[in-house]
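*Asks:*
Residue numbers (full-length UniProt numbering): 1 to 179.
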């Protein structure tokens, strides 16, 4: 039968083992899990660098194609004229391109994060800055389209008012002439 006396070497060792296990379990439980950002930064071999650069080029080309379409929007806004349907079509087109732009950038960001090299981290920072500027430009284009839509609606409304006024005046004049 074991006593609380520490003179029994077997009991001391058993208690010591339990204490060590408890300390190890506590250390494992309190150690936070590493996030993607905290993982060791990788270094690429020459072949790895070549593959990385090809992937970056592929993603950049996709994003550039989408951005080239977005760059045509300002000239399209200028061509709207008084076509009341044009702003809606242009806004829809811009929304579609904006979604594609966001989706492709997100995929590219995920790739750069997974790659986790010093080069990919720099590229990620650069791409995020460019993406944020692009989002601002898209938002400004949306505002310009909305403003254009309002101007056209106001113009058409005033035009209709003038037409209605002249129609009413003409009807009153006819009635006055008949009387």
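A virtual CB, placed ideally from N, CA and C, is assigned to each residue, including glycine.
Nothing here was measured: the structure is a model prediction, and the numbers come from that model.
Given that a residue counts as buried once 16 or more other Cβ atoms are within 10 Å of its Cβ, and exposed if not, what is residue 63?
*Replies:* Its Cβ being crowded by 16 or more others within 10 Å, residue 63 is buried.
*Asks:* Contact between the stretch 39-59 and the stretch 84-94 is defined here as three or more beta-carbon pairs at a separation below 8 Å; is this criterion met?
*Replies:* In short, these stretches do not touch, since the Cβ pair count stays below three.
*Asks:* Going by CA-CA distance only, name the one from 109, 138, 116, 119 that's closest to residue 67.
*Replies:* Measuring from the Cα of residue 67, the nearest candidate turns out to be 138.
*Asks:* Leaving out five residues on either side along the sequence, give the residues of the same chain with a beta carbon under 8 Å from the beta carbon of residue 70.
*Replies:* Correct list, in chain order: 94, 97, 98, 101, 134, 137, 138, 141.
*Asks:* Grouping DSSP H, G and I as helix and E and B as strand, with all else coil, what is residue 40?
*Replies:* DSSP places residue 40 in coil when its eight states are reduced to three.
*Asks:* Taking the beta carbon of residue 126 as the centre, do at least 16 other beta carbons fall within 10 Å, making it buried, or is it exposed?
*Replies:* Its Cβ having fewer than 16 others within 10 Å, residue 126 is exposed.
*Asks:* I need the straight-line Cα distance from residue 29 to residue 91, nearest angstrom please.
*Replies:* Legend: pLDDT at residue 29 = 47, less than 50; position of this residue unreliable, no value from coordinates given.
*Asks:* Can you give me the C-alpha to C-alpha distance between residue 18 and residue 113, rounded to a whole angstrom?
*Replies:* Below a pLDDT of 50, predicted positions are generally treated as unreliable, and residue 18, at 47, falls in that range; the measurement from the model is reported next regardless. Using only the alpha carbons, I get a separation of about 42 Å.
*Asks:* Going by DSSP in three states, residue 117 sits in which element: helix, strand or coil?
*Replies:* DSSP places residue 117 in strand when its eight states are reduced to three.
*Asks:* How many Å lie between residue 41 and residue 117 at the Cα?
*Replies:* Cα-Cα distance, rounded: 5 Å.
*Asks:* Could you say which of 132, 144, 120 lies nearest to residue 48 if we only look at CA atoms?
*Replies:* It is 120.
*Asks:* Taking residue 79 as the reference, give the member of 61, 128, 148, 178 with the closest Cα.
*Replies:* When only C-alpha atoms are compared, the closest one is 148.
*Asks:* I think residue 152 touches residue 77, with their Cβ atoms under 8 Å apart; what is that distance to the nearest whole Å?
*Replies:* Residue 152 to residue 77, Cβ: 11 Å. No contact.
*Asks:* Does DSSP put residue 125 in a helix, a strand or coil?
*Replies:* Residue state, collapsed to three classes: helix.
*Asks:* Considering only the alpha carbon of each residue, which of 73, 154, 43, 61 lies closest to residue 143?
*Replies:* For the residues 73, 154, 43, 61, the minimum Cα distance to residue 143 belongs to 73.
*Asks:* Identify which residue in 115, 60, 154, 44 has its Cα closest to the Cα of residue 104.
*Replies:* Among 115, 60, 154, 44, the Cα nearest to that of residue 104 belongs to 60.
*Asks:* Got a sec? Which residues, its chain only, sit under 7 Å from residue 44 by beta carbon, not counting five neighbours each side?
*Replies:* Within the same chain, residue 44 has close Cβ partners 52, 117.
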